[in-house]
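J.: Before I ask anything, let me first share the structure, which is written out below as C-alpha cells.
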Amino acid sequence: MALNTSDLLASVPTGLLINGHWVDAATSATFTVENPATGESLAEVAAGSAEDAARALDAAANAQKEWARTSARERSDILRRAFDLVHERAEEFATLMTLEMGKSLAEARGEVAYGAEFLRWFSEEAVRHYGHSLTSPEGKLNIRTQHKPVGPCLLITPWNFPLAMATRKVAPAVAAGCTMVLKPAELTPLTSLYFAQTMLDAGLPAGVLNVVTTLEAPEVSQTLMSDDRLRKVSFTGSTGVGKILLRQASDNVLRTSMELGGNAPLIVFEDADLDIAVAQAKQAKMRNMGEACTAANRMIVHEAVFEEFSRRLTAELEGLKVGNGMDESTDVGPLIEQKALDNVASLVEDAVSKGAKVLTGGKKVGDAGYFYAPTVLAEVPADARIATEEIFGPVAPIFTFSTEEEAYEIANGTEYGLASYVFTDDAVRMQRATENLEFGMVGVNVGVMSNAAAPFGGVKQSGLGREGGAEGIEEYSSVQYVATPR
Ligand code: ADP
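As C-alpha cells, then:
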C-alpha cells in the first residue's frame with residue numbers, strides 16, 4: 000500500500016540527536032534535502048556545526064562508561080528489537096530512501112531487508128564475542144583475552160545506501176558497547192534520522208547514539224577527531240576523503256575502519272555459463288543505478304564469448320525502465336546529483352572520443368532529474384578514463400582478453416581492491432582466480448555478494464578493516480590480555 004509521503008516526511012525528526020533529545024543546531028541553521036528525481040524539496044534538517052558536534056561528543060563520552068558496563072544480552076536485545084522495528088517500518092524506510100536518494104522502490108525494499116540484517120546479525124554476535132585462553136609455551140603463565148569497547152566512535156556514512164551504511168556501523172558498535180556520533184551524508188540524512196529514532200524506540204539509552212547532520216563535514220570531523228575522547232573513526236566514502244581522515248586520525252592514533260572506492264573487474268571466461276554471467280553482470284552493474292563501490296566497473300570478457308555476451312547484456316539493459324523510483328514500474332532511478340550525472344556523461348564522452356563504441360545508451364534522459372540511460376560500451380581502449388576511474392553510474396564498459404593471465408593482469412591493474420567477479424564453470428580455474436585476484440572480495444558466478452554475515456572490505460586503496468561477518472565486531476573492540484601465574 001502506497002504511503003502518504005507528506006505524513007511520512009512530517010514524522011521524520013529533522014533535528015540533531017544529542018543525548019537522547021532532538022535539538023536544533025546552535026545557530027538554528029538548516030539545509031534542504033532534495034528529491035533527485037524531481038528536484039523538489041523534501042525537508043529542512045538541522046545544519047550542525049563544529050560546536051554541535053562537540054556537544055554530541057560530550058554526550059557520547061559521558062555515556063560511554065555506563066554503556067560499556069551493560070550486559071551483552073541487553074545490547075543484543077536492543078539490536079533485535081531494532082531489527083523487528085525496521086521491518087515493521089519497512090515501507091516507511093523504503094519510501095524515504097527512494098525519495099531522498101532516487102533508487103527504485105523495489106531496490107529500496109531490498110536495502111531495508113539487507114540493512115536490517117546487520118541489526119539481527121550483530122544482536123547474535125554481541126553474545127558470542129569469545130575471548131580465548133592458553134598456557135604460555137614455557138608453562139609459567141595463564142594467558143587469557145577479553146574484549147573491551149574501543150570507546151566513542153565517529154561514524155561517517157555516504158549517500159548511496161542510506162540505511163545499510165548506517166546499520167553496518169551502528170549495529171557492531173552497539174554490540175561491542177561503543178557510543179557514537181553518526182554523521183550521515185548531507186544528501187540523504189532523512190533515512191538516518193528515522194533510523195536513529197527507531198534505535199531510541201528499540202530502547203537504546205540516551206547518549207549512546209548521537210547524530211549530527213551538517214553541511215560542514217570537514218570542520219565537524221576535524222573537531223571530533225582532534226578531541227582525545229574520541230577513539231575511533233569509521234568511514235565509508237571516497238578514497239580521497241578517506242586519506243584525509245587517515246592523516247587526521249594519526250594525531251590521536253585513532254582506530255580506523257575505511258571502506259573506500261572500488262574499480263571492480265567482472266571477468267567472463269570462455270567456459271562460463273552465459274545465462275548466469277549475463278544475468279549476474281546486469282545485477283553487478285545496475286544495482287543502485289551503478290552507484291555502489293562494489294559495482295562492476297570493467298567487464299573483462301574472453302574474446303570467444305565477447306560478441307554473444309555484449310549482445311545479450313545490451314538487450315538486458317535496453318529492457319530496463321528509467322524513471323522516478325516512486326513509480327512501481329521503474330527499474331532505474333536518477334543519479335544522486337548534477338555533479339554525478341556530469342561525471343558519468345564525461346567518462347562516456349572521453350571513452351567514445353578515444354574509440355569506444357556505444358552499443359546502447361550513452362546519453363542523459365529527460366529534462367528534469369539526473370537520469371542517465373543504461374549504457375554498454377564496447378572496444379574501450381585501455382587509456383580511456385573509464386578504465387581506471389570509478390564510474391558510479393549505469394555504464395558497462397567491455398574490455399576483451401585472450402589468455403587467463405591477461406585477464407588477471409587487466410583486473411589487478413588498478414590501485415583499488417574491493418570487489419571482483421569471476422564467471423567460469425571450471426572448478427580449478429575458480430580457485431586459481433581467487434588466488435590471482437588482488438581484491439578483498441571475489442564473487443564466483445554471482446554478481447551481488449553483500450551480506451551481513453560476510454566480511455565486507457577491500458585491500459590496496461579500497462580501505463582498511465571489514466564490516467559484517469565475525470570480523471565486524473572486532474573493529475569496535477580492543478583485546479585485553481590478562482596474565483596470571485601458573
Ligand atoms: P561521495 O563521493 O560518495 O559523496 P564522499 O567521500 O565525498 O563520497 O562523502 C562520503 C561522506 O564523507 C559524506 O558523509 C560526506 O559528508 C563526508 N565527507 C566529505 N568530505 C569530508 C571531510 N573532509 N571530512 C569528513 N567527512 C567528509
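The sequence shown begins at 0 in numbering that gives the first Met the number 0 and counts up by one.
Ideal placement from N, C-alpha and C gives every residue a C-beta, glycine not left out.
Give the DSSP-derived three-state secondary structure of His128 in the structure shown.
T.: coil
J.: From which residue to which residue does the beta strand (DSSP E) around Pro264 run?
T.: In the DSSP annotation of this structure, the continuous segment of the beta strand (DSSP E) that includes Pro264 starts and ends at 263 to 267.
J.: With a threshold of 7 angstroms, establish whether the CB of Ser191 neighbours any heavy atom of the ligand ADP.
T.: no
J.: May I ask you to report which of helix, strand or coil DSSP gives Leu153?
T.: strand
J.: Name the DSSP beta bridge partners of Leu133, please?
T.: Ile142
J.: Which runs of the alpha helix (DSSP H) spanning at least 4 residues fall entirely within the segment 199 to 279, listed in chain order?
T.: 216 to 224, 238 to 250
J.: Tell me whether Lys182, by its Cβ, gets closer than 7 angstroms to a heavy atom of the ligand FAD.
T.: The ligand FAD is absent from the structure shown, which contains only the ligand ADP.
J.: Can you round the beta-carbon distance between Ser309 and Leu358 to whole angstroms, since I take them to be within the 8 angstroms contact cut?
T.: 6 angstroms
J.: Should Glu388 be counted as a contact of the ligand ADP given a C-beta to heavy atom distance under 7 angstroms?
T.: no
J.: By DSSP, does Asn34 sit in helix, in strand, or in coil?
T.: In the structure shown, Asn34 adopts coil according to DSSP, grouped into three states.
J.: At 4 residues or longer, and completely inside the segment 19 to 90: list those alpha helix (DSSP H) runs for me, N to C.
T.: 49 to 68, 71 to 87
J.: Tell me, to the nearest whole angstrom, how far the beta carbon of Gly505 is from that of Gly206; I am working on the premise that it is less than 8 angstroms.
T.: Past the edges of the chain, shown from 0 to 485, lies residue 505, and the structure says nothing about it.
J.: Identify whether Tyr371 lies in helix, strand or coil by the three-state DSSP scheme.
T.: DSSP, reduced to helix, strand and coil, places Tyr371 within a strand of the structure shown.
J.: Any heavy atom of the ligand ADP within a distance shorter than 7 angstroms of the CB on Ser237?
T.: Checking the Cβ of Ser237 against the ligand ADP gives yes.
J.: List the DSSP bridge partners of Arg297.
T.: Per the DSSP secondary-structure output, Arg297 pairs in a beta bridge with Pro264.
J.: Please report the residue range of the alpha helix (DSSP H) in which Val351 lies.
T.: Unbroken alpha helix (DSSP H) run through Val351: 337 to 352.
J.: Per the DSSP calculation, Glu466 is bridged to which residue(s)?
T.: Phe455
J.: Would you kindly check if the distance between the Cβ of Glu215 and the Cβ of Ala49 is under 8 angstroms?
T.: In this structure, Ala49 places its C-beta atom within 8 angstroms of the C-beta atom of Glu215.
J.: CA-CA distance, Gly416 and Gly260?
T.: 9 angstroms
J.: How about Ile243 and Ile409: do their beta carbons lie closer than 8 angstroms?
T.: no
J.: Just checking, does the segment 195 to 202 make contact with the segment 73 to 85 on the three C-beta pairs under 8 angstroms criterion?
T.: yes
J.: Exposed or buried, which one is Val427 when buried takes at least 16 other CB atoms within 10 Å?
T.: Exposed is the call here.
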